[in-house]
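Here the sequence shown is numbered in the working numbering, starting from 3 and rising by one per residue.
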Amino acid sequence: MTPVLESTLTCPACGYVKTEQMPTDACQWFYECTACQLLLRPKPGHCCVFCSYGSVPCPPMQLSGGACCSPDGA
3 MTPVLESTLT
13 CPACGYVKTE
23 QMPTDACQWF
33 YECTACQLLL
43 RPKPGHCCVF
53 CSYGSVPCPP
63 MQLSGGACCS
73 PDGA
């Protein structure tokens, strides 16, 4: 299976939407909104900002069938 490598992030504070390239071998724990500069962090139980605010979960989640790649995740 080939993972989707782009996800559209939506800022929960201002609603700004931006499509970003996701890392293929790790989760991204922080992302700064381009519009309002809010530093996004994963929601509790999520491994990364793409899984919390993106249109597509991160590649490690896609490839693992939903197993979290975070040491403190579900």
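Beta carbons are placed, not taken as given, at the ideal position from N, Cα and C, and that holds for glycine.
The alpha-carbon of A37 is positioned some 11 angstroms away from that of T12. Of the residues Y18, M3, S9 and C35, the one whose Cα lies closest to the Cα of G56 is S9.
DSSP, reduced to helix, strand and coil, places V6 outside both helices and strands of the structure shown, so it counts as coil. The residue from M24, C16 and A15 with its alpha-carbon nearest to that of V58 is M24. The continuous alpha helix (DSSP H) containing Q64 extends over residues P61 to S66. Under the DSSP assignment, V51 falls in the alpha helix (DSSP H) whose first and last residues are V51 to Y55.
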